[in-house]
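**Student:**
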Amino acid sequence: MALTKRIIPCLDLKDGRVVKGVNFLGLRDAGDPVEFATKYNEQGADEVAFLDISSSKESRAMIIDVIKRAADKLTVPLTVGGGIRSIADIREILEAGADKVSINTSAVQNPELISEATVIFGPERIIAAIDVQKNPVMREGVTPITMPDGTVVWYEVVISGGNHPTGIDAVEWAQEVARRGAGEILLTSIETDGVKQGFDVAVTAAVADAVRIPVIASGGVGTLEHFYDGFTVGHADACLAASVFHFGEMTVKEVKEYLRDRGVSVRI
4 MALTKRIIPC
14 LDLKDGRVVK
24 GVNFLGLRDA
34 GDPVEFATKY
44 NEQGADEVAF
54 LDISSSKESR
64 AMIIDVIKRA
74 ADKLTVPLTV
84 GGGIRSIADI
94 REILEAGADK
104 VSINTSAVQN
114 PELISEATVI
124 FGPERIIAAI
134 DVQKNPVMRE
144 GVTPITMPDG
154 TVVWYEVVIS
164 GGNHPTGIDA
174 VEWAQEVARR
184 GAGEILLTSI
194 ETDGVKQGFD
204 VAVTAAVADA
214 VRIPVIASGG
224 VGTLEHFYDG
234 FTVGHADACL
244 AASVFHFGEM
254 TVKEVKEYLR
264 DRGVSVRI
């Protein structure tokens, strides 16, 4: 029997409000996160994700309050990411009511954080978030990925909201976080984020095929078919989306009914 595929609405939070941009830029206010999370819970979302993109100390107090309010209302797992730098940060977020945390920049800067966190809290609560972008300049030791037009590129891990290339090969890094015990990978292509032209299925498939832990596709949904492609072409275990849900272009229920009708196993 096929494993059930998951649909995960993601809410980017800044100063306690939901915002959405394109390619991580041009943010606009979309509303109250707890209202959105509750709506997606009712629509049949498998999980809900909060990503805190604020950087101030005040924002941490806001996100803790949002987590507590959301956890009181949700019956599905809640993942929280953004600004998580330490075991203490992870503990604070989990104790506020989150079920999982996603760790991005700090994991690249300190890979031991993944190892320690999975031992302390369990792999099922630790998601390695990996942001990537194409690099056409091939070099020794990177994973070549052939694009639909025949060009060959590799994908580089970027951190700090997509602002800093690291020189790290995305497939290699995915394998490392898996070895270190991460329970899942949340993979976002910077170039497709918010563009609504579909997931970057080339890198999604490359990562999903290279590891034995679930991979969540993120960045670029614009149509129902894009979800289908994420699962069938990208080999993803879950698909994450934001603006198509926030601005009422489709509901979680519509996505799942579409996928079911096309033979994808989903929880209705």
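To convert, count from 1 in the sequence shown and add 3; that's this note's numbering. Using N, Cα and C, we set each Cβ at its ideal position, and we do this for glycine too.
1) So, with DSSP's three-state summary, where would you put N113?
2) Would you give the residue range spanned by the alpha helix (DSSP H) that Q1 belongs to?
3) Using 8 Å as the threshold, is the C-beta distance between I96 and I129 below it?
4) Can you tell me the Cβ-Cβ gap for G100 and A74, rounded? I've got them flagged as a contact below 8 Å.
5) Identify every residue that forms a DSSP beta bridge with R272.
6) Specify, as a first and last residue, the run of the beta strand (DSSP E) that A220 falls within.
7) Touch check for the stretch 178 to 193 and the stretch 105 to 125: three-plus C-beta pairs under 8 Å?
8) Kindly indicate the opening and closing residues of the beta strand (DSSP E) around P12.
9) Compare the Cα-Cα distances from K347 to each of A132, V269, I219, D68 and report the closest residue.
10) Would you kindly work out how many angstroms separate the C-alpha atoms of V140 and W157, rounded to a whole number?
11) Rounded to a whole number of angstroms, what is the C-alpha to C-alpha distance between A173 and I219?
12) Helix, strand or coil, according to DSSP, for G233 in the structure here?
13) Just to confirm my understanding: we take A241, look at its own chain, exclude 5 residues before and 5 after, and list those with CB closer than 6 Å. What are they?
14) How big is the Cα-Cα spacing for L189 and G251?
15) At 3 residues or longer, and completely inside the stretch 31 to 70: list those beta strand (DSSP E) runs for me, N to C.
16) Provide the residue span of the beta strand (DSSP E) that contains V155, from first to last.
**Tutor:** Answer, in terms of the structure:
1) Reading the sequence shown from its first residue, position 110 is the one you call residue 113. Reduced to three states, the DSSP call for N113 is coil.
2) Beyond the ends of the chain as shown, which are 4 and 271, falls residue 1; an answer cannot be given.
3) Reading the sequence shown from its first residue, position 93 is the one you call residue 96. Reading the sequence shown from its first residue, position 126 is the one you call residue 129. Against a cut-off of 8 Å, the Cβ pair of I129 and I96 comes out as no contact.
4) Walking along the sequence shown from the start, residue 100 turns up at place 97. Walking along the sequence shown from the start, residue 74 turns up at place 71. Taking 8 Å as the upper bound for CB-CB distance, G100 and A74 are in contact here, some 3 Å apart.
5) It is not possible to answer for residue 272, since the shown part of the chain is limited to 4 through 271.
6) By 1-based counting over the sequence shown, the position of residue 220 is 217. First-last of the beta strand (DSSP E) with A220: 218 to 221.
7) Touching, yes.
8) Start at 1 with the first residue of the sequence shown, and residue 12 comes out as number 9. Boundaries of the beta strand (DSSP E) harbouring P12: 9 to 17, taken from the DSSP string.
9) With the chain running from 4 to 271 in the structure shown, residue 347 is simply not present.
10) Position 137 of the sequence shown holds residue 140. Position 154 of the sequence shown holds residue 157. One C-alpha to the other measures close to 8 Å.
11) Here the question's residue 173 lines up with position 170 in the sequence shown. Here the question's residue 219 lines up with position 216 in the sequence shown. Their Cα atoms are separated by approximately 14 Å.
12) If you number the sequence shown from 1, residue 233 lands on position 230. For G233, the secondary structure class from DSSP, reduced to helix, strand or coil, is helix.
13) On the sequence shown, residue 241 is found 238 positions in, with the first residue counted as 1. Around A241: R9, I11, I219.
14) Translated into the one-based positions of the sequence shown, residue 189 becomes position 186. Translated into the one-based positions of the sequence shown, residue 251 becomes position 248. Cα-Cα distance, rounded: 24 Å.
15) Listed in chain order, they are 51 to 55.
16) Here the question's residue 155 lines up with position 152 in the sequence shown. Under the DSSP assignment, V155 falls in the beta strand (DSSP E) whose first and last residues are 155 to 162.
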